[in-house]
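Colleague:
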Amino acid sequence: MSSTPPGNGALAPPAVELRGITKRFPGVVANHDIDITVAPGTVHAIVGENGAGKSTLMKTLYGMHRPDEGQIYVRGAEVRLNSPSDAIKHGIGMVHQHFMLADNLTVLENVVLGAERRFGIGNRARAHIRELSSQYGLGVDPDRLMEDLGVGERQRVEILKVLYRGARTIILDEPTAVLVPQEVDELFDNLRELKREGLTVIFISHKLDEVLSVADEITVIRRGTTVATADPGTTTARELATLMVGGELPVPELRESTVTDNVVLSLDGVTVSSADGRAVVDGVTVDIREGEIVGIAGVEGNGQSELIEAIMGMRPLTSGTISLGTDDITSWSTLRIREAGVGYIPEDRHRHGVLLESPLWENRILGHQTKAPSVRGPWIDRAGARADSERIVAEYDVRTPNIDVIADALSGGNQQKFIIGREMSGSPRFLVAAHPTRGVDVGAQAAIWEQLRDARAAGLAVLLVSADLDELIGMSDTLHVILRGRLVAQADPTTVTPEQLGSAMTGAGLGGGDASTEGDSGADGADRNGNEGGS
Amino acid sequence: MSRIPRPDRTLPAPAAAAVAVVLGVGVTAALDLALLWWAALIIGVAAAFAFVAWSGPLVPDERRAGADGTKEQGTTLHTTLVVPTALVLAVVSGLLSAWFLDLSLIEPVAAALGALVGSAVAFTLFHRLSAMLALSFAAVLAAGVIAIGVTAAVLFFSGIPPLPTFARMIEYGTRPNSLVKIINDGTTYYLAAVAVAIGFKMKLFNIGVDGQYRLAALLAAAVGGYVVLPPVLSQIVVIATAVAVGGAWAGIAGYLKVARGVSEVISTIMLNAIATGITAYLLSTDRLAVEISTNNIGTPPMPESSWVPGIPAGFLGSEQEIFGFVLLAVAVGIGYWVMLNRTRFGFELRATGQSQSAAEASGVNVKKMVFLSMLFSGMVAGLVGLPQLLGSSHYYALDFPTGIGFIGIAIALLGRNHPVGIVFAALFWSFLNQAAGILPFDGIPQEIAVISQATIVLTVVVVYEVVHRWGRRYQQQQIGNQLGATAESTTEPAQAVPSGTASEDGSADGGGDTAPGSDGKRDGEAQ
């Protein structure tokens, strides 16, 4: 584990070399003394926890901001990157995690947008796109409308956009976060194709199994600096994870069972249809009891979000009933459901959980705007809401100077801790927890698990939806697998392995001896959701 | 500052404030004998401010943090921006109050009292002004300077000397009768702007205030003119009619938006046109109107018992009267503030405006909120025509002022939808209108005021948004700094900023959300 480049880089100058990169934001060092050497024609993975400084580093490399110290070399020559267009001029392109494509334009129009001067906007551009597409095996038809394309194809269009602009080094920022396992495999095939054609890929991820399966070299970033360079052939996921976290990982686990016989929430044949009439949640029947955590495993986009929204009254049911205790809440409004004692930790906290521009104490009121201590009749109870916010900040260890700062000023983990504190207040009977530890640092993760355990011991019923298989296995009393809107399998969390769960999530069934494994990571693309914890 | 010696003990806040005030007033009164009053006052307030700054660290004050809660004393931003802004604001408030008092008091007394106000403001602002608020003030000041600069350039290139023109406008605009007119017009503008602001807070663009108030005023005037009722009851009925008509007219747009998803921008523009048609139809001698004068028709004049008495403006030195409706406008402003900041409804309204998805997930009935805020906006819009109707003309005729709804949009933008901000914006706007009235006599085109108004709205919106973004990032860094966080706190919020602002489609806040975001820039740079 040295930071010297591997032997194959010795002949040609490295595609990209970063030397002593330091980037400070006032009061905070986001990156310091970063040294990375990327050999040409390789897939170089950069792994690190959320918030370790990967994105800051890539923004530096893509010219979105200037480093305070250090040098960047491209093919052996020092460069100064003042803007993304400088980076592109030096053959560095970036595919962002969130696609930047116009749905109502064709592939061709999306690709040439902003690069009209290269090959015009007509047949010459079309021919060039076709050529690139076949050269790199991307299979992109320039005349299709963007809105007709799936996620994987969109990503290939993004890659094509970068290639079209003449990039020889492509940065992919968490490219697999939005893909289903099959698409991940396809993406990796594309990456190998790019590599074969002599291009260099910098691949940012925190999913170690993927990194181990595709990368030629791995650089680990922790707390803003490079801590190690690893060879995927000789490293295990667990070793990488330890490097990333710098210590032993916390493990989600439940102690003794607290499940009782009292059913708190009961779903009976719940079916939700999308706008085009397709059933996105299909006949889901499940009971959640007092003191029980029911986990839902599944590849993202298989109906989890719709199921949650149906429970929360944000999406109408096509058929089926939902009961809370003895009440049929199928047709209740979101407010009434919340008032009846249902807490909600949303999967996308920025969209559904907080008002980013409001102070913390106002965020305390959100979702609880009809209950004490937030309000008194039609009036906002400022003193009550503030006092209770102070309590949440203290009890849930929310790191904030005070409760008057806007929510946006806090880190994601602290926002999440505040949301959990808020949703736990007023002693709910039932909690919907969607990805409760997503984007949260390791310390906060452990704290959140602890709080869920405590609440469960106190009799809370929890529906846990997560993409983190270790979390699901460790935290659930009962575990269901959702696939295309149906609960296809029930697993015993005490015996199931992430690999088995991963294969069930893709429809191969729990028995899953067919989970084709690569390397010693013990999982292929199907297990893309295995998080830092590895398997 | 820190090099200046200070006694090694604390100074209670009231004592420090008292010393500052005495110092300010004393210096001003003394210098007033030798200098012009305003020069004396500037020096006096500056002296008081200097004392406050010097004594600042001696005053034990737990709450000496900004409203955003970060410790700000001693940071670069604080010394370079907050302190100078506080100084400028203190001097300006001192000058303004002295000038205002000078209208009814003798000069030395007015100057001394002005210095008192200025010194008190100096003390308060130095200790209380938060960085974010200071940034807002600085943004508005900067925008004002830019707008004046642009106007001066336009004048200069038209061959008109800018400075004498400005001097002439200020001189005319501060005459007693002008002041009364400014307050009266400002009252009307204020109501229009509050009506627009209620929508803006929800990201709803109520362009229809214009149609709403015209229709409301016509029908209210007709009720007042045809139905004879005892005093007080008569006014109440007229006001209730106007509110009901305005609310109903805006409610149509609200209903269409909720039930059919029709953009409120389109529907309110259409409703404006329909309102114009309806008023033209009704305002004929066959229907509601009677002949008012030889070539003017209108609703029958209301009996005097239905009028709202004016407030004599003797204290401004004018014989004219201020609309009694100024009190209603104040009440509307206070009501708007209380509704927004203290009630559950206002919280839900702001939450929906900030993030519709979050509001929905929190159990806010977004459709109901859209409809209700449109309704309330229309109800306030219904009041817009009443100061004129009940305070001055007493009938709705062909010459009833039009276009106030659109002015309201500009003023709401200028006042950043804040009940107090809108007061200043409305007064400033009507000051420009009134002051420009003198220009044709000097052969200068009056449109110069319109250019200033347009420039200032544009610059305020743009500068404010830029400063606001910058301030937010600064605040995040301050907090990261304060918590001693490592990389975590910088990367997370950095990603959060674009997602927070870009997700709103900016349909309501005009230029507010259209400043270039990092997402929008990328394609352009990609070439």
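Same order as they appear, the protein sequences are chains A and B. If you count the first sequence from 1, position 184 lands on 184 in full-length UniProt numbering, and the numbers rise without skipping. If you count the second sequence from 1, position 203 lands on 203 in full-length UniProt numbering, and the numbers rise without skipping. We treat Cβ as the ideally placed atom computed from N, Cα and C, and that holds for glycine. The structure displayed is predicted, hence computed values, not measured ones.
What residue does the beta strand (DSSP E) around A:H44 start on, and which one ends it?
Modeller: Here residue 44 of chain A is taken as the residue at index 44 of the first sequence, counted from 1. V43 to G48 is the extent of the beta strand (DSSP E) around A:H44.
Colleague: So, does the CB of A:T330 fall closer than 7 Å to a CB anywhere in chain B?
Modeller: Position 330 of the first sequence, counted from the start, is the residue given in the question as residue 330 of chain A. Contact with chain B is absent for A:T330, since none of that chain's Cβ atoms lies less than 7 Å from the residue's Cβ.
Colleague: Apart from the five residues just before and just after A:A372, which ones in its own chain have a Cβ nearer than 8 Å to its Cβ?
Modeller: As a position in the first sequence, residue 372 of chain A is number 372, starting the count at 1. Counting only Cβ-Cβ distances below 8 Å, and skipping sequence neighbours, we find D381 and G384.
Colleague: First and last residue of the alpha helix (DSSP H) that includes A:L431?
Modeller: Mapped onto the first sequence, residue 431 of chain A falls at position 431. A:L431 -> not in any alpha helix (DSSP H); beta strand (DSSP E) instead, spanning F430 to A434.
Colleague: The ligand GTP heavy atoms versus the CB of B:H394: any closer than 6 Å?
Modeller: Looking for the ligand GTP in the displayed structure turns up nothing, as the structure carries no ligands at all.
Colleague: Would you check if the distance between the CB atom of A:G485 and the CB atom of A:A279 is smaller than 7 Å?
Modeller: The count along the first sequence starts at 1 and reaches residue 485 of chain A at position 485. The count along the first sequence starts at 1 and reaches residue 279 of chain A at position 279. Against a cut-off of 7 Å, the Cβ pair of A:A279 and A:G485 comes out as a contact.
Colleague: Can you list the residues of chain B that A:D35 reaches, using a CB-CB cut of under 9 Å?
Modeller: By 1-based counting over the first sequence, the position of residue 35 of chain A is 35. Neighbours of A:D35 on chain B: none; closest Cβ ~16 Å, over 9 Å.
Colleague: What does A:M312 touch in chain B if you count any residue whose Cβ is under 9 Å from its own?
Modeller: Residue numbering aside, residue 312 of chain A sits at position 312 when the first sequence is read from its first letter. Within chain B, the residues near A:M312 are A361 and G363.
Colleague: Does the distance from the C-beta atom of B:V332 to that of B:G391 stay below 7 Å?
Modeller: Within the second sequence, numbered from 1, the residue matching residue 332 of chain B stands at position 332. Within the second sequence, numbered from 1, the residue matching residue 391 of chain B stands at position 391. Going by C-beta atoms, B:V332 is not nearer than 7 Å to B:G391.
Colleague: Please report the Cβ distance between A:A39 and A:Y62, rounded to the nearest whole angstrom; I am assuming they are in contact, meaning their Cβ atoms lie under 8 Å.
Modeller: Residue 39 of chain A sits at position 39 when you count from the first residue of the first sequence. Residue 62 of chain A sits at position 62 when you count from the first residue of the first sequence. In this structure A:A39 is not in contact with A:Y62, their Cβ atoms being roughly 19 Å apart against a cut-off of 8 Å.
Colleague: List the residues of chain C that A:E69 touches, going by C-beta distances under 8 Å, in chain order.
Modeller: Of the protein chains in the structure, A and B, none is chain C.
Colleague: To which residues of the same chain is B:T486 closer than 6 Å at the C-beta, ignoring the five residues directly before and after it?
Modeller: Here residue 486 of chain B refers to the residue found at position 486 when the second sequence is read from its first residue. Any reading at B:T486 must be qualified, since the residue scores a pLDDT of 40, below 50, and its modelled position is unreliable; the value itself is stated next. Excluding sequence neighbours, B:T486 sits near nothing in its chain.
Colleague: Interface residues of chain B around A:Q369 at Cβ under 9 Å?
Modeller: Here residue 369 of chain A corresponds to residue number 369 of the first sequence, with the count starting at 1. Neighbours of A:Q369 on chain B, chain order: R344, F347, E348, A351, S362, G363 and V364.
Colleague: Since B:L383 and B:V243 are thought to touch, with beta carbons under 8 Å apart, how far apart are those beta carbons, to the nearest angstrom?
Modeller: Position 383 of the second sequence holds residue 383 of chain B. Position 243 of the second sequence holds residue 243 of chain B. About 7 Å separates the two Cβ atoms, so the contact holds.
Colleague: Quick test of the definition: if touching needs 3 or more C-beta pairs under 8 Å, does the stretch 109 to 118 of chain B touch the stretch 431 to 448 of chain B?
Modeller: No contact exists between the stretch 109 to 118 of chain B and the stretch 431 to 448 of chain B.
Colleague: Under 9 Å Cβ-Cβ, which residues of chain A neighbour B:R472?
Modeller: Within the second sequence, residue 472 of chain B is the residue found at index 472, counting from 1. The contacting residues are E357, I406, D408 and A409.
Colleague: Among the residues of its own chain, which have a CB less than 8 Å from the CB of B:T402, if the five just before and after it don't count?
Modeller: Translated into the one-based positions of the second sequence, residue 402 of chain B becomes position 402. Taken in chain order, the residues that qualify are D210 and R214.
Colleague: Distance cutoff 7 Å, beta carbons only. Does B:A358 sit that close to anything in chain A?
Modeller: For the purposes of this step, residue 358 of chain B is taken as residue 358 along the second sequence, with counting starting at 1. Yes, B:A358 lies at the interface with chain A (some Cβ there is under 7 Å from its Cβ).
Colleague: Taking a Cβ distance cut-off of 9 Å, strictly less, list which residues of the stretch 332 to 346 of chain A are near chain B, in chain order.
Modeller: Against chain B - using a Cβ distance shorter than 9 Å - the residues of the stretch 332 to 346 of chain A are S333, T334, L335, R336, I337, R338, E339, Y344 and P346.
Colleague: Which bits of chain B does A:I380 rub up against, with CB to CB less than 8 Å?
Modeller: Taking the first sequence and counting its residues from 1, the one referred to as residue 380 of chain A is at position 380. What A:I380 touches in chain B: N341, R342, T343, R344, G346 and F347.
Colleague: Spell out a yes or no on whether the stretch 298 to 309 of chain A and the stretch 322 to 331 of chain A are touching, meaning 3 or more CB-CB pairs, one atom from each, closer than 8 Å.
Modeller: no
Colleague: Anyone know if the C-beta pair for A:R429 and A:V227 falls short of 7 Å?
Modeller: What you label residue 429 of chain A is simply residue 429 of the first sequence in a count that begins at 1. What you label residue 227 of chain A is simply residue 227 of the first sequence in a count that begins at 1. In this structure, A:V227 does not lie closer than 7 Å to A:R429 by Cβ.
Colleague: For A:M244 and A:I218, I'd like the C-alpha separation in whole angstroms.
Modeller: Your numbering for residue 244 of chain A matches position 244 in the first sequence. Your numbering for residue 218 of chain A matches position 218 in the first sequence. Rounded to the nearest angstrom, the two C-alpha atoms are 11 Å apart.
Colleague: As an exercise, report each continuous beta strand (DSSP E) stretch of at least 3 residues that is fully enclosed by the stretch 56 to 94 of chain A, in chain order.
Modeller: 69 to 74 and 77 to 79
Colleague: Go ahead and pull the three-state DSSP assignment for B:S234.
Modeller: As a first step, residue 234 of chain B is located in the second sequence; it is residue number 234 there, counting from the start. B:S234: helix per DSSP, three-state reduction.
Colleague: Using the beta-carbon of each residue, which ones in chain B are nearer than 7 Å to A:V375?
Modeller: Here residue 375 of chain A refers to the residue found at position 375 when the first sequence is read from its first residue. The answer, in chain order, is R344.
Colleague: Hey, is residue 549 of chain A's beta-carbon within less than 7 Å of any beta-carbon in chain B?
Modeller: Given that chain A is displayed from residue 1 to residue 535, the structure contains no residue 549 of chain A and the question cannot be resolved.
Colleague: Going by DSSP, which residues form a beta bridge with A:T297?
Modeller: Taking the first sequence and counting its residues from 1, one reaches residue 297 of chain A at position 297. Thr is not the amino acid found at residue 297 of chain A; the sequence shown has Ala there. DSSP lists A:V481 as partners of A:A297.
Colleague: Under the rule that 16 or more other beta-carbon atoms within 10 Å means buried, what is B:W470, buried or exposed?
Modeller: As a working note, residue 470 of chain B is residue 470 in the second sequence. Exposed, by the Cβ-count rule.
Colleague: What separation, rounded to the nearest whole angstrom, lies between the Cα atoms of A:L356 and B:A122?
Modeller: Walking along the first sequence from the start, residue 356 of chain A turns up at place 356. Walking along the second sequence from the start, residue 122 of chain B turns up at place 122. Each residue's Cα considered, the two are about 33 Å apart.
Colleague: Could you have a look at A:H98 and say whether DSSP puts it in helix, strand or coil?
Modeller: Along the first sequence, one-based indexing puts residue 98 of chain A at 98. Three-state result, A:H98: coil.
Colleague: Tell me which residues share the same chain as B:L389 and place their Cβ nearer than 7 Å to its Cβ, disregarding the 5 neighbours each side in the sequence.
Modeller: One-based indexing of the second sequence puts residue 389 of chain B at position 389. Around B:L389: A217, A220, A221 and Y396.
Colleague: Just verifying my parser: in three-state terms, what is the DSSP assignment at B:I106?
Modeller: Here the question's residue 106 of chain B lines up with position 106 in the second sequence. Coil.
Colleague: Counting contacts by CB-CB distance shorter than 7 Å, is B:Q446 in contact with chain A?
Modeller: Here residue 446 of chain B is taken as the residue at index 446 of the second sequence, counted from 1. It does not; no Cβ of chain A falls within 7 Å.
Colleague: Mapping the DSSP letters down to three states, classify A:A228 as helix, strand or coil.
Modeller: As a first step, residue 228 of chain A is located in the first sequence; it is residue number 228 there, counting from the start. Three-state DSSP puts A:A228 in a strand.
Colleague: Kindly say whether A:I365, judged by its beta-carbon, lies nearer than 7 Å to any beta-carbon of chain B.
Modeller: Position 365 of the first sequence holds residue 365 of chain A. By this cut-off, A:I365 is an interface position.
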